[in-house]
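K.L.:
Take this structure, written in structure tokens, and hold onto it; I'll ask about it next.
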Amino acid sequence: MQKKRSIPLLVLIGVLVAALGVGNVFAFKYAPIISTYLGHKSYEVRSDGTAEDTEYFKSVFTSEAERLEADAQAARETAAEGFVLLKNDNNALPMQPGKVTLFGVSSASILYGGGGSGAVDTSTAPTLKAALEEAGFSVNPTMWDFYTTGAAADIRMDVADMAGTGRYVIHEAAPGLIGAEQEQSFAEYGDAAIVTLARSGSESADLPTVYDESYAQPMDVEGFLGAFHSDPVDSPEDIGRHYLELTANEEALLEYVAQRFDRVIVLISSGNTMELSFLDQEQYGVDACLWIGNPGQDGLYAVGDLLSGAVSPSGKTVDTYAYDPLGAPAVQNFGDNRMTGAEDATHDTYVVYQEGIYVGYKYYETRYEDTVLGQGNAASAVGATSLADGGWTYADEVQFPFGYGLSYTTFEQTLEKADKDRDDTFTFEVKVTNTGETAGKDVVQIYAQSPYTEYDRANGVEKASVQLVGFAKTETLQPGESQTVTIQVDQEELKSYDASANGGEGSYILEAGDYYFTAAADSHAAVNNILAAKGAEGMDEAGNAELAKSFTLEESDAYQVSSYTGEPVKNQFTDADMRNYDADFQYLTRSDWAGSYPEPYVLEATDAMVEALAVPTGTDDPEAEMPVTGAQNGLSLAMLREAEADDPAWELLLDQLSAKEMYDLVRVGGYQTGAVNSVSAPATVCVDGPAYVGNAGTTGVTRPEKTYAWCSEVVISSTWNQDLAYQMGQLIGEDCLAQGELNFAGWYAPAMNIHRTAFSGRNFEYYSEDGFLSGQFGASTVAGAREKGVITFVKHFALNDQETNRSGISTFANEQSIRELYLKAFEPSIAGGDEGTLGVMLSMNRIGFKWSGNHKGLATNVVRGEWGFDGIMITDQASYPQSFPALAIRGGLEGGTDLWLNSGADNWQIENYQNNATVMTQLRQATKHILYAVSQSFAMNGISSSARVVQVTPLWQTWLYALDVAVVLAAVAGVVLIVKKTRWRETIQVNGKSGEQ
């Protein structure tokens, strides 16, 4: 073999060996996530054979088929109760199953779930056509072909990817594409036209508040997850519109349909509140509108059930539907805002919650009451989106109030009892009677109003006109049947946070005065009922004073200490209050709506602010003592399975761990918690996604048994039925249990952020605009999952209410709004004790200038001190330190973070950690929280008090070792063979004689 052929071969062998070496480096760097993805275990349980029942958490199902059938039935029931009938004119619904025609490209591409971690497996989900046919409808096959294989088959909306690359653009088939063949089919399938309109949302990108001129051009970009292409908007008329209003093609489609069908039904497939003013406009001819959100795997079957009348709608809105969502005060400071003077800082983005507590109905209903009462400049044109009446009017601003939803029957509610006991609990008994001709369910909603006093005006304490404090759903009531619903409300729900109380230290207050309660059909009816009880005039609808009741309460300081722990409650978020940096800053106040209405706030960074934005490096405590490690105390985690978190035995157990065990456990927690040999703690797999057990980062995860894809959280909360949320939690737990020894014991859900605006990309996976409603549904879901031994990680804690710049954005809000709205959603789950969550996922944003996990006021003082939480505080995605520098481990440990959602074995290193008493003390505390949560989970199934957990080599690593050996041997053999076969000296002719060179 000639040398010129041998050298390239040798180089090729070298490259292959080097590539294998690099592959090994990355394989072992990301070993945990690879094991999770492949379903290969890195530990095993070795038992001594003692007869001990170790199945601590048991499944109620005997087969995969039985479990999945239960999932499907529960999800279908949930969808049927969660879909909301927004309009039903001309007795359009229910209708006898007949021959119908589907319109809209989204009818053939339903948004079963959201994007990002909220995505679900829809491989077995029915199409809308199949779901309607199952209910007895016949669907126009010609138009179905038009949207699936014909002229409109390739027309689909554009959605930004999980990493936020790209943009959202709605595309709809113009009526001009519908040909004569399609139009001829309308006569046979003319019982109804069903038009589907959809809006998507996803992780890392919010929805456009305007299609600016850039949308007139195509987009082609490369992102973290690959290439992204988007076509321009369909029409020049779309430029200047926002994502949640109709496009020109959608308007044209509705007009086209209205001219050809007598019955037009619109389905809204969106987790965000669309602008639905077109429902009121005659040219579009809409007779009925059913909101279906993201229906999940089997939810579409409920569409057929509802349209046919097999089930009567009973869902209620969980957000206010404004005629123009851009008119919400929160929108004025939503989106991409950048500090001037901080361009060289780690992050320079910010958002200011200038609206204070006035989000959703708390804004619209409070301003409405003040308009009726003629106070606070409420009728001013400032903030109005329509000046048809010369100023701000509720009727011009709100189309459907919070808590609204129609039924096929009618109900009457009467307040049978309203009293208060000596334990400061209010009890309301409401009799609900079905006064119509169809069976159905109704929702009882209890709202409260606190007095807005001169003290409040002087000290910046805001009070909404009404706030939801209780609710319940009836059973199915037959015509003429009644049910009395009992709802209890703790007086603590009436407290307000006053940051100026106690000499400026702050606390909750309960002021003396008259407090009103009312049962109501929705938030607007609640205000009118209370106004009627006060004898007010000038309402837009007559209120029912008989549904309202007032109580005169004395001033109380009972809520200045935590009802969970007895710890004093005081200001923890002064550093997030913009008034701390700008003495002239003002939050929205009902004492002067016109003078305080938000405007886009420009933040000029000072040197101190830029310094505060620096990545924290941690501070060593000179008095810290090095904890004990490596002790031989003979304890195992199973021995402490029933121990309380404050049991002294935990300290003895922790003494057994080595420094490296704690270090690795805390640092490498991406989609897992690691096994710990010294205390026989098992590893767990933690799956992502609020609707589905099956996501792990940007990949799926190997599952021995199939799991189920639920409807999105916003559909679940729209049921106003906590029993269904609890059932969903249980069945998610069953899906986790079904994966057996892989220990799918962690679930990164439920998600509990607030629908601060209609434009957040992840509203679909959050419950509501209201903190109370969100908190109740979150807590019910958590309780159901915990009953099955699942470690839920409620997320994203806290103030992660937009996706734009979510990593590192500085979020500013006052203490009252933080506590009463944004933390309110998490509190019942985190402070829930034995039924509460065992995990909390922190947000990527900053509270003020500190990342949430580095914010001791949030992650330690409130969560541990006020709420008594003993479980895990985990970061959001932390596998890419260069992309998420604010999630720094020293700062996080200092603030109260326990676990890094990191899959890279060499990420987040701490130099000389084992000799740093401060770091070792923090690692020990974090380790305790992790192990306590694991001890309470079904990961302990099969582990007796005498069993040992030992690490083993995952199967894929054995394969890799074998591949390494084979490649190296082959490479060596190849090199030897090439060397032997190569003529390293070439023979040449010199003057006719042979020679070597």
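Numbering-wise (our numbering), the sequence shown opens with residue 8 and increments by one. A virtual CB, placed ideally from N, CA and C, is assigned to each residue, including glycine. None of these values were measured; they are calculated from a predicted model.
1) Return the first residue and the last residue of the beta strand (DSSP E) that Phe-819 is part of.
2) Counting pairs of Cβ atoms below 8 Å between the region 395 to 406 and the region 471 to 485, do you hit three or more?
3) Taking the C-alpha atoms as reference points, what is the distance between Leu-75 and Tyr-119?
4) Have a look at Met-226, Ala-386, Ala-352 and Asn-770 and flag the residue whose alpha-carbon is nearest the alpha-carbon of Leu-251.
5) Looking only at C-alpha atoms, which of Arg-931, Glu-918, Ser-886 and Met-927 sits nearest to Phe-33?
6) Between the Cα of Pro-629 and the Cα atoms of Gly-300, Val-926 and Ala-349, which residue gives the shortest distance?
7) Taking DSSP as the reference, what is the three-state secondary structure of Pro-408?
8) For my contact list, Ala-664 and Val-686 are in at a C-beta cut-off of 8 Å; report their separation, rounded to the angstrom.
9) By how many angstroms is the C-alpha of Ala-716 removed from the C-alpha of Glu-741?
10) Between the alpha carbons of Gln-679 and Gly-753, how many angstroms are there, rounded?
11) Looking at the structure shown, is Asp-1 part of a helix, part of a strand, or coil, going by DSSP?
12) Here's the rule I'm using: 16 or more other beta-carbon atoms within 10 Å means buried, otherwise exposed. How should Ser-1001 be labelled?
13) Going straight from the alpha carbon of Arg-1044 to that of Arg-374, what length do you get?
14) With Ala-980 as the anchor, note down where its alpha helix (DSSP H) starts and where it stops.
15) In the DSSP assignment, find the unbroken beta strand (DSSP E) run with Val-450 in it and report its ends.
16) Measuring only the C-alpha atoms, how far is Glu-195 from Ala-137?
17) Rounding to the nearest angstrom, what Cα-Cα distance links Ala-126 and Leu-620 in this structure?
18) Residues in the same chain with beta-carbon distance under 6 Å from Val-4, minus the five sequence neighbours each way, listed in chain order, please.
19) Beta-carbon within less than 7 Å of Asn-998's beta-carbon, same chain only, minus the 5 sequence neighbours each way: which residues are those?
20) Is the beta carbon of Ala-543 sitting closer than 8 Å to the one on Leu-380?
21) Just tell me which of Asn-536, Phe-35 and Gly-513 has its CA closest to the CA of Val-568.
22) Quick check on Gln-996: does DSSP put it in helix, strand or coil?
23) Taking a contact to mean a Cβ-Cβ separation below 8 Å, would you say Ser-209 touches Met-164 in this structure?
24) Tell me which residue opens and which closes the alpha helix (DSSP H) that Cys-296 is part of.
25) Give, in chain order, every unbroken run of the beta strand (DSSP E) that is at least 3 residues long and sits entirely within the region 70 to 141.
26) Counting along the chain, where does the beta strand (DSSP E) carrying Ser-489 start and finish?
27) By how many angstroms is the C-alpha of Ala-255 removed from the C-alpha of Val-91?
28) So, for Ala-391: in the same chain, excluding its five sequence neighbours on each side, which residues have a beta-carbon less than 8 Å away from its beta-carbon?
29) Give me the DSSP bridge partner(s) of Trp-151.
30) Hey, how far is the Cα of Gln-490 from the Cα of Thr-928?
31) First and last residue of the beta strand (DSSP E) that includes Glu-423?
32) Count the other CB atoms, across all protein chains shown, that sit within 10 Å of the CB of Arg-53; report buried if there are 16 or more and exposed otherwise.
33) Going by DSSP, what residue range makes up the beta strand (DSSP E) through Met-4?
34) Excluding sequence positions up to five away, which residues of its chain have a Cβ less than 6 Å from the Cβ of Val-18?
35) Could you round the C-beta distance between Phe-268 and Gly-197 to whole angstroms and report it? I think they count as a contact, below 8 Å.
36) Taking only heavy atoms of the ligand ADP into account, decide whether any of them is closer than 7 Å to the Cβ of Thr-491.
P.N.:
By the coordinates alone:
1) Within the sequence shown, the letter at position 812 stands for residue 819. That run of the beta strand (DSSP E) goes 817 to 819.
2) The region 395 to 406 vs the region 471 to 485: no contact.
3) Locating residue 75 in the sequence shown gives position 68, where the first residue counts as 1. Locating residue 119 in the sequence shown gives position 112, where the first residue counts as 1. Cα to Cα, the separation comes out at about 18 Å.
4) Counting from one through the sequence shown, the residue named residue 251 turns up at place 244. For Leu-251, the nearest C-alpha among the options comes from Asn-770.
5) Along the sequence shown, read from residue 1 onward, the residue named residue 33 stands at position 26. If we check each option's Cα against that of Phe-33, Ser-886 comes out closest.
6) Here residue 629 refers to the residue found at position 622 of the sequence shown. Pro-629 has its Cα closest to that of Val-926, out of Gly-300, Val-926 and Ala-349.
7) By 1-based counting over the sequence shown, the position of residue 408 is 401. The answer is coil: DSSP assigns Pro-408 none of H, G, I, E or B.
8) Locating residue 664 in the sequence shown gives position 657, where the first residue counts as 1. Locating residue 686 in the sequence shown gives position 679, where the first residue counts as 1. Looking at the sequence provided, one finds Leu at residue 664 rather than Ala. That belief holds up - the Cβ atoms of Leu-664 and Val-686 are roughly 6 Å apart, short of 8 Å.
9) Residue 741 sits at position 734 when you count from the first residue of the sequence shown. Residue 716 sits at position 709 when you count from the first residue of the sequence shown. Cα to Cα, the separation comes out at about 13 Å.
10) One-based indexing of the sequence shown puts residue 679 at position 672. One-based indexing of the sequence shown puts residue 753 at position 746. As the crow flies, the alpha-carbon of Gln-679 is around 8 Å from that of Gly-753.
11) Outside the shown range of the chain, which is 8 to 1004, sits residue 1, and nothing can be said about it.
12) Counting from 1 along the sequence shown, the entry for residue 1001 is found at position 994. Its pLDDT being 44, under 50, Ser-1001 is placed unreliably in this model, and the value from its coordinates should be taken loosely. The residue in question, Ser-1001, is exposed, as its Cβ has fewer than 16 Cβ neighbours within 10 Å.
13) Any property of residue 1044 remains undetermined from this structure, which presents the chain solely from 8 to 1004.
14) Position 973 of the sequence shown holds residue 980. Where Ala-980 is concerned, the enclosing alpha helix (DSSP H) stretches over 962 to 988.
15) Taking the first residue of the sequence shown as 1, we reach residue 450 at position 443. From DSSP, the beta strand (DSSP E) with Val-450 extends over 450 to 456.
16) Taking the sequence shown and counting its residues from 1, one reaches residue 195 at position 188. Taking the sequence shown and counting its residues from 1, one reaches residue 137 at position 130. Each residue's alpha carbon lies about 19 Å from the other.
17) Taking the sequence shown and counting its residues from 1, one reaches residue 126 at position 119. Taking the sequence shown and counting its residues from 1, one reaches residue 620 at position 613. If you draw a straight line from the Cα of Ala-126 to the Cα of Leu-620, it comes to about 33 Å.
18) What the structure shows of the chain is the stretch from 8 to 1004, and residue 4 is not part of that stretch, so it cannot be assessed.
19) Start at 1 with the first residue of the sequence shown, and residue 998 comes out as number 991. For Asn-998, the predicted model reports a pLDDT of 48, less than 50, meaning its position is unreliable; a value from the coordinates is still stated below. Excluding residues within five positions, none has a Cβ falling inside 7 Å.
20) Taking the first residue of the sequence shown as 1, we reach residue 543 at position 536. Taking the first residue of the sequence shown as 1, we reach residue 380 at position 373. Yes; because the gap between Cβ atoms is below 8 Å, this pair is in contact.
21) In the sequence shown, counting from the first residue as 1, residue 568 sits at position 561. For the residues Asn-536, Phe-35 and Gly-513, the minimum Cα distance to Val-568 belongs to Gly-513.
22) For the purposes of this step, residue 996 is taken as residue 989 along the sequence shown, with counting starting at 1. Residue placement at Gln-996 is flagged as unreliable, the pLDDT there being 47, under the threshold of 50; a coordinate-derived value is accordingly withheld.
23) Within the sequence shown, residue 209 is the residue found at index 202, counting from 1. Within the sequence shown, residue 164 is the residue found at index 157, counting from 1. Against a cut-off of 8 Å, the Cβ pair of Met-164 and Ser-209 comes out as no contact.
24) Indexing the sequence shown from 1 puts residue 296 at position 289. First-last for Cys-296: 295 to 298, but that is the beta strand (DSSP E), not the alpha helix (DSSP H).
25) 91 to 95 and 106 to 110
26) Looking up residue 489 in the sequence shown gives position 482. Where Ser-489 is concerned, the enclosing beta strand (DSSP E) stretches over 489 to 497.
27) Your numbering for residue 91 matches position 84 in the sequence shown. Your numbering for residue 255 matches position 248 in the sequence shown. If I take the Cα positions, the gap works out to 26 Å.
28) Counting from 1 along the sequence shown, the entry for residue 391 is found at position 384. Cβ-Cβ distances below 8 Å link Ala-391 to Gly-334, Gly-398, Trp-399, Thr-400, Asp-403 and Glu-404 in the same chain, with the five nearest sequence neighbours on each side left out; the list follows chain order.
29) Sequence index remark: in the sequence shown, residue 151 carries index 144 (1-based). Its beta-bridge partners do not exist; DSSP assigns none.
30) The sequence position of residue 490 within the sequence shown is 483, counting from 1. The sequence position of residue 928 within the sequence shown is 921, counting from 1. One C-alpha to the other measures close to 57 Å.
31) In the sequence shown, counting from the first residue as 1, residue 423 sits at position 416. Note, Glu-423: beta strand (DSSP E), 418 to 427.
32) Mapped onto the sequence shown, residue 53 falls at position 46. Around the Cβ of Arg-53, a 10 Å sphere holds fewer than 16 other Cβ atoms; the residue is exposed.
33) Outside the displayed range of the chain (8 to 1004) lies residue 4, so it cannot be described from this structure.
34) Along the sequence shown, read from residue 1 onward, the residue named residue 18 stands at position 11. Within the same chain, Val-18 has no close Cβ partners at all.
35) Reading the sequence shown from its first residue, position 261 is the one you call residue 268. Reading the sequence shown from its first residue, position 190 is the one you call residue 197. So it is a contact: roughly 6 Å between Cβ atoms.
36) Annotation note on the ligand ADP: not contained in the displayed structure, which lists no ligands.
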